[in-house]
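Heads up: the structure comes next, in structure tokens.
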Amino acid sequence: MTEQYVARDKNTGFEVSVTGDFPEHPDDRMRIARTTTLFTRLMSTLLQRDEAQRRIGFRAIETQLELADALIRQDHAEVQRLVRETLTSMGVSEDQLRELAQRLAEAGGLDPRVAQELSRAFGFEGDALEMEAEPADDPTDDEGTALDPKIMQQLEDLLADSDIQSDGPQSDPEAQDDDSDDPARGPTT
């Protein structure tokens, strides 16, 4: 049965509706509602900016959504292209990317396979970073296939820890402002 979830920004009246056959699992339905609410808030905020800021913001949103899509599809070549394109547009040179990957590898405490994956993400597969520690014996890694989810989780945890240390305490990303729509209400039929 086709269902619909509608999110509306109370300040601007900007509204987004999502219509389709939603999964039955309550967590999936809550995530559809939450994502729709976040997108509505994001678009409403962006549309309140001046023309130059809006154009920059739209491009940033498009790139991040493309990156999220590529990550979900596990399209590593597309993820690599988008990361490099984003960093290049920010003025980060090829040499700076290489230096960043090397510094991350030398930082210590980083699993060599994660460092190798970072090297691949930055596009340095041909000249992988030299590592002091030997990677664990895993024949699938020798063929250049993606690391297992535990390794990727280690990378995410490392990056999250880095953000917390550099920015101080972070607010809860799941927390909502009082003026935002309630995604817990779920889709309407």
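Mapping of the sequence shown onto the working numbering: residues 65 to 253, in sequence order.
Virtual Cβ for every residue (Gly too), placed ideally from N, Cα, C.
#1: So Val80 packs on Thr104, CB below 8 Å; how close in whole Å?
#2: Excluding the 5 residues flanking Leu131 on each side, which residues of the same chain have their C-beta closer than 6 Å to its C-beta?
#3: Excluding the five sequence neighbours on either side, which residues of its own chain have a C-beta within less than 6 Å of the C-beta of Met65, listed in chain order?
#4: Examine chain B for any beta-carbon lying closer than 9 Å to the beta-carbon of Leu161, and answer yes or no.
#5: Taking all protein chains shown into account, decide if Gln128 is buried (16 or more other Cβ within 10 angstroms of its Cβ) or exposed.
#6: May I have the straight-line CA-CA distance separating Pro87 from Glu67, to the nearest angstrom?
#7: CA-CA distance, Glu170 and Glu181?
#8: Give the DSSP-derived three-state secondary structure of Ser157 in the structure shown.
#9: Determine the burial state of Ser153: buried for a count of at least 16 other Cβ atoms within 10 Å of its Cβ, exposed for fewer.
#10: Name the residue from Ile96, Gly77, Thr83 whose alpha carbon lies nearest to the alpha carbon of Thr109.
#11: Inspect the beta-carbon positions of Leu106 and Ile136 and report whether they are closer than 9 Å.
#12: Anyone know if the C-beta pair for Leu164 and Val156 falls short of 9 Å?
#13: For Leu102, tell me which candidate among Val70, Glu158, Gln160 has the shortest Cα-Cα distance.
#14: Assuming Gly84 is part of the beta strand (DSSP E), what are its boundary residues?
#15: Which whole runs of the beta strand (DSSP E) in the region 71-121 are 3 residues long or more, in chain order?
#16: Would you report the Cα separation of Pro90 and Val82, rounded to the nearest angstrom?
According to the structure shown:
#1: 4 Å
#2: Leu146
#3: none
#4: In the displayed structure, chain B is absent; only one protein chain is listed.
#5: exposed
#6: 10 Å
#7: 14 Å
#8: coil
#9: exposed
#10: Gly77
#11: no
#12: yes
#13: Val70
#14: 79-84
#15: 79-84
#16: 16 Å
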